[in-house]
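*Asks:* Following this message is one structure expressed as structure tokens.
There are 2 protein chains.
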Amino acid sequence: MNTAPERTGMNGIDQPGFEAALSRRAGEVERVLDALLGLGLLSGEVARPRELMAAIRHGVLGGGKRLRPFLVVESAALFDAGGEAALRVAAALECVHCYSLIHDDLPAMDDDDMRRGRPTVHRAFDEATAILAGDALLTFAFDIVADEATALPGETRARLVTKLARAAGMGGMAGGQALDLAAGRNRPDEAGIVRLQAMKTGALIRFACEAGAEIGRATEAERERLAEFGSAIGLAFQLADDLLDATSDAAALGKAAGKDEDAGKATLVSLHGIDWTRRQLDGLVAQAGELLEPFGDRAALLRAAARFVAARTS
Amino acid sequence: MNTAPERTGMNGIDQPGFEAALSRRAGEVERVLDALLGLGLLSGEVARPRELMAAIRHGVLGGGKRLRPFLVVESAALFDAGGEAALRVAAALECVHCYSLIHDDLPAMDDDDMRRGRPTVHRAFDEATAILAGDALLTFAFDIVADEATALPGETRARLVTKLARAAGMGGMAGGQALDLAAGRNRPDEAGIVRLQAMKTGALIRFACEAGAEIGRATEAERERLAEFGSAIGLAFQLADDLLDATSDAAALGKAAGKDEDAGKATLVSLHGIDWTRRQLDGLVAQAGELLEPFGDRAALLRAAARFVAARTS
């Protein structure tokens, strides 16, 4: 991280403090994922093929900020909930995120050779193994959420499965990726770009925050508030991403840069420019803060997360 | 179907009677799938992209015997359960089956151009769309099972999600496909082949029968019995498939034939020959019948399903 330390007395947590908390949660989630993705069998499993598991672990355990898991755990913590159940839902969400990266990197999709400074799964293994690793990870995410080891009532586990599926599926992330692949030829207008991004990257981030509220048995109003917070930072995440893509070089990103322009894809940055985008980001951080108002100081880490997402440099 | 009619007074249902029942159930499941995979949005979905949905519908609604859904519905019927919940779980299972066909057909996997006499999804659309269509279908399967519209208690829906995920995932179908892709170079022994097949094709068929028992609130002993029945006909299904691959031509199969031999993959048929395989199939049908003994005449359609699977010619 080369972000300059930022003092924000009002919100109680400065940037280094936030990054330490993010990193601590990432370690916890990584440990859960490491244990879940070992070679030990769960009841009902016949065998876990070694090479497939190695590919899955390459795709999941290769670092990453673990922002989505952080949002699940910290949203649940607003309601004094969490512990093992929140960590498991967080780990499941990260499996969905990592599956999407593995598939998006495939030659038929974005055709990327590097991810987080390492070979992508289909480069480190092969294409068939990458497809299956993604399929297996996506499948396993629902196993994790629904399993009774996720100590929540059956109705809650089932509801989390449905919500995760809607966020990830044809009306969410997968649909957004389909729209994105077609964007080069379909040239969506501004509303189309916003919708595409709400699906492709926003839906999982929204789910992360809403899931925390579900785990915390929040009221419907609180749940909606957290979901809206998730949508705001999801949009900020994408704007920051587009800004990075427009201004960074490959070394800073750890992956190929300038791909949007290469692909002839419009983004809000290409439509409105860099200054407009920075103002939008400021507005989204403010909006995120307002949505968290009722939670007071308890939401300090989530407020810091919004600032972090908007200001991120990698 | 060019199977000669078979009279089996003891079991009450002859082959044409069974095929009529299978076809009627297939129609019911097709209607459920057609409705679920329309352009109408479920709550939480942002948009369903038209081309992606067309690819999904191409992959799902293109015919097929719907054997797995049949097994769900008829297993549930043993316990006087069923109706909408059984049909929805059946439809979800068919989504998982169809996703696996879409991905298995991809160039990086089995590289098939035709399926059920029509172009495969990546040939009719493109490779990226086929990958995403499979991803979205797999995701949607869990949505369908977990949704409260599947009128079962939350604990049951969650348990069905976990079991479906284990049958389909790294320790089940996806793991089996990974083992199968490696079989050309790894040359598994007989035990390895049996395990591979139990994962690749057996696990979903076993789940189908076990799910019916779950839906029917069966006792644990009954559920185990149905699961074992599913394993027996799953193995029979694969043996019949290997037999077909060894003896048929492409025209009868509607897809490329003789691929196992081309790929240098051993099957139980190549290890033991055709006569041994036919005797095994007879033994599995008998075993399946014995497992259904306690259910008497009510299980006549499931007994007929076992005979059908073992004798199938397409």
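Protein chains in written order, with my numbering: chain D, 1 to 314; chain P, 1001 to 1314. Where a beta carbon is used, it is the ideal one built from N, C-alpha and C, also for glycine.
1) From P/A1090 to P/F1070, what distance separates their C-alpha atoms?
2) Indicate whether at least one CB of chain P lies closer than 9 Å to the CB of D/V32.
3) Report, in whole angstroms, the separation of the C-beta atoms of D/C95 and D/V121, which I expect to be a contact under 8 Å.
4) Look up P/R1343 in the DSSP assignment and say whether it is helix, strand or coil.
5) How many Å lie between P/D1104 and P/G1289 at the Cα?
6) Quick check: the region 151-169 of chain D against the region 1141-1154 of chain P, are at least 3 beta-carbon pairs closer than 8 Å?
7) Spell out whether any CB of chain P is found under 9 Å from the CB atom of D/G12.
8) Inspect the beta-carbon positions of P/T1291 and P/F1229 and report whether they are closer than 9 Å.
9) Rounded to whole angstroms, what is the Cα-Cα separation between D/R24 and D/R57?
10) Suppose you measure from the CA of D/R166 to the CA of P/D1297; what does that come to, to the nearest Å?
11) What are the residues in the region 1190-1201 of chain P lying within 8 Å of chain D by C-beta distance?
12) Can you give me the C-alpha to C-alpha distance between P/Q1177 and D/A136, rounded to a whole angstrom?
13) Using only the alpha-carbon positions, how far apart do P/M1199 and P/A1246 sit?
14) Hey, quick one: how far does the alpha helix (DSSP H) through P/G1163 stretch, first residue to last?
15) Only counting the same chain, and skipping five residues up and downstream in sequence, which positions put a Cβ closer than 6 Å to that of D/L179?
16) Less than 9 Å between CB atoms is the rule here; does P/E1084 satisfy it with respect to chain D?
17) Could you tell me how far apart the beta carbons of P/A1218 and P/L1226 are, in whole angstroms, since I believe they sit closer than 8 Å?
18) Is there a Cβ of chain P sitting closer than 9 Å to that of D/T277, yes or no?
19) Should D/S43 be flagged as near chain P, meaning a C-beta pair shorter than 9 Å?
20) Closer than 7 Å by C-beta to D/Q280: which residues in its own chain qualify, once you throw out the five before and the five after it? Chain order, please.
21) Quick one: residues in its chain with C-beta nearer than 7 Å to the C-beta of P/V1316, no 5 flanking neighbours on either side, listed in chain order?
22) Going residue by residue through the region 1184-1243 of chain P, where are the continuous alpha helix (DSSP H) segments of at least 4 residues, counting only ones entirely within it?
23) Would you mind telling me which residues of chain P sit closer than 7 Å to D/L292, beta carbon to beta carbon, in chain order?
24) Counting only C-beta atoms, is D/F229 closer than 9 Å to chain P at any point?
25) Could you please tell me which residues of the region 1211-1245 of chain P, in chain order, have their CB closer than 8 Å to any CB of chain D?
26) Residues of the region 169-185 of chain D with a CB closer than 9 Å to any CB of chain P: list them in chain order, please.
27) Can you give the beta carbon distance from D/A128 to P/L1052, rounded, assuming they're within the 8 Å contact cut?
28) Would you call P/A1076 buried or exposed, if buried means 16 or more other Cβ atoms sit within 10 Å of its Cβ?
29) Along the chain, where does the alpha helix (DSSP H) that runs through P/P1069 open and close?
30) Between P/D1126 and chain D, is any beta-carbon pair separated by less than 9 Å?
31) When burial is assigned at 16 or more other CB atoms within 10 Å of the CB, is P/S1100 buried or exposed?
32) Counting only beta-carbon atoms, is D/A300 nearer than 9 Å to chain P?
33) Check P/T1247 in the structure and name its three-state DSSP category.
34) Taking P/M1053 as part of the alpha helix (DSSP H), name the residues at either end of that continuous run.
35) Of the choices D/A124, D/L22, D/L284 and D/P294, whose alpha-carbon is the least far from that of D/A221?
36) For the region 50-63 of chain D, which residues have a CB atom closer than 8 Å to at least one CB atom of chain P, in sequence order?
*Replies:* Inspection of the coordinates gives the following:
1) Taking the first residue of the second sequence as 1, we reach residue 1090 of chain P at position 90. Taking the first residue of the second sequence as 1, we reach residue 1070 of chain P at position 70. Rounded to whole angstroms, P/A1090 to P/F1070 spans 7 Å at the Cα level.
2) By 1-based counting over the first sequence, the position of residue 32 of chain D is 32. Answer no: the Cβ-Cβ gap between D/V32 and chain P never drops below 9 Å.
3) Taking the first residue of the first sequence as 1, we reach residue 95 of chain D at position 95. Taking the first residue of the first sequence as 1, we reach residue 121 of chain D at position 121. With a Cβ gap of about 14 Å, D/C95 and D/V121 do not count as contacting.
4) Outside the shown range of chain P, which is 1001 to 1314, sits residue 1343 of chain P, and nothing can be said about it.
5) Translated into positions along the second sequence, residue 1104 of chain P becomes position 104. Translated into positions along the second sequence, residue 1289 of chain P becomes position 289. Those two C-alpha atoms are separated by around 32 Å.
6) yes
7) As a working mapping, residue 12 of chain D is identified with position 12 in the first sequence. With 9 Å as the cut-off, D/G12 does not count as an interface residue toward chain P.
8) Residue 1291 of chain P sits at position 291 when you count from the first residue of the second sequence. Residue 1229 of chain P sits at position 229 when you count from the first residue of the second sequence. Per the sequence shown, residue 1291 of chain P should be read as Leu rather than Thr. Yes, the pair counts as a contact, with Cβ atoms nearer than the cut-off.
9) For the purposes of this step, residue 24 of chain D is taken as residue 24 along the first sequence, with counting starting at 1. For the purposes of this step, residue 57 of chain D is taken as residue 57 along the first sequence, with counting starting at 1. Taking the straight line from one Cα to the other gives about 20 Å.
10) For the purposes of this step, residue 166 of chain D is identified with residue 166 of the first sequence, where counting begins at 1. For the purposes of this step, residue 1297 of chain P is identified with residue 297 of the second sequence, where counting begins at 1. Each residue's Cα considered, the two are about 42 Å apart.
11) R1195, A1198 and M1199
12) Taking the first residue of the second sequence as position 1, residue 1177 of chain P is located at position 177. Taking the first residue of the first sequence as position 1, residue 136 of chain D is located at position 136. So the two alpha carbons sit approximately 11 Å from each other.
13) Residue numbering aside, residue 1199 of chain P sits at position 199 when the second sequence is read from its first letter. Residue numbering aside, residue 1246 of chain P sits at position 246 when the second sequence is read from its first letter. If I take the Cα positions, the gap works out to 21 Å.
14) Locating residue 1163 of chain P in the second sequence gives position 163, where the first residue counts as 1. According to the sequence as given, residue 1163 of chain P is Lys; it is not Gly. Start and end: G1154 to A1168.
15) As a working mapping, residue 179 of chain D is identified with position 179 in the first sequence. Here the set comprises L196.
16) Here residue 1084 of chain P refers to the residue found at position 84 of the second sequence. P/E1084 does not count as touching chain D.
17) The count along the second sequence starts at 1 and reaches residue 1218 of chain P at position 218. The count along the second sequence starts at 1 and reaches residue 1226 of chain P at position 226. Rounded to whole angstroms, the Cβ separation of P/A1218 and P/L1226 is 7 Å, and the two are in contact under 8 Å.
18) What you label residue 277 of chain D is simply residue 277 of the first sequence in a count that begins at 1. No, D/T277 does not count as interfacial toward chain P.
19) Taking the first sequence and counting its residues from 1, one reaches residue 43 of chain D at position 43. For D/S43, the answer is yes, since a Cβ of chain P falls inside 9 Å of its Cβ.
20) Taking the first residue of the first sequence as position 1, residue 280 of chain D is located at position 280. Taken in chain order, the residues that qualify are L239.
21) Nothing can be reported for residue 1316 of chain P: it is not among the residues displayed for chain P, which extend from 1001 to 1314.
22) 1190-1197 and 1203-1215
23) The residue given as residue 292 of chain D occupies position 292 in the first sequence. The premise fails here: D/L292 is roughly 22 Å from chain P at the closest Cβ pair, so nothing lies under 7 Å.
24) By 1-based counting over the first sequence, the position of residue 229 of chain D is 229. It does not: the Cβ of D/F229 has no partner Cβ on chain P nearer than 9 Å.
25) none
26) Listed in sequence order: G169, M170, G171, G172, M173, A174, G175, G176, Q177, A178, L179, L181 and A182.
27) Indexing the first sequence from 1 puts residue 128 of chain D at position 128. Indexing the second sequence from 1 puts residue 1052 of chain P at position 52. Contact doesn't hold; Cβ gap of about 22 Å is too wide.
28) Your numbering for residue 1076 of chain P matches position 76 in the second sequence. The residue in question, P/A1076, is buried, as its Cβ has 16 or more Cβ neighbours within 10 Å.
29) Counted from its first residue, the second sequence places residue 1069 of chain P at position 69. From DSSP, the alpha helix (DSSP H) with P/P1069 extends over L1067 to A1077.
30) The residue labelled residue 1126 of chain P in the question sits at position 126 within the second sequence. Closer than 9 Å: yes.
31) The residue you call residue 1100 of chain P lines up with position 100 of the second sequence. Classification of P/S1100: buried, given that the 10 Å Cβ count is 16 or more.
32) In the first sequence, the residue the question calls residue 300 of chain D occupies position 300. So, not an interface residue.
33) Position 247 of the second sequence, counting from 1, holds the residue named residue 1247 of chain P. DSSP places P/T1247 in helix when its eight states are reduced to three.
34) If you number the second sequence from 1, residue 1053 of chain P lands on position 53. Element bounds for P/M1053: R1050 to V1060.
35) Your numbering for residue 221 of chain D matches position 221 in the first sequence. D/A221 has its Cα closest to that of D/P294, out of D/A124, D/L22, D/L284 and D/P294.
36) Residues E51, L52, M53 and I56.
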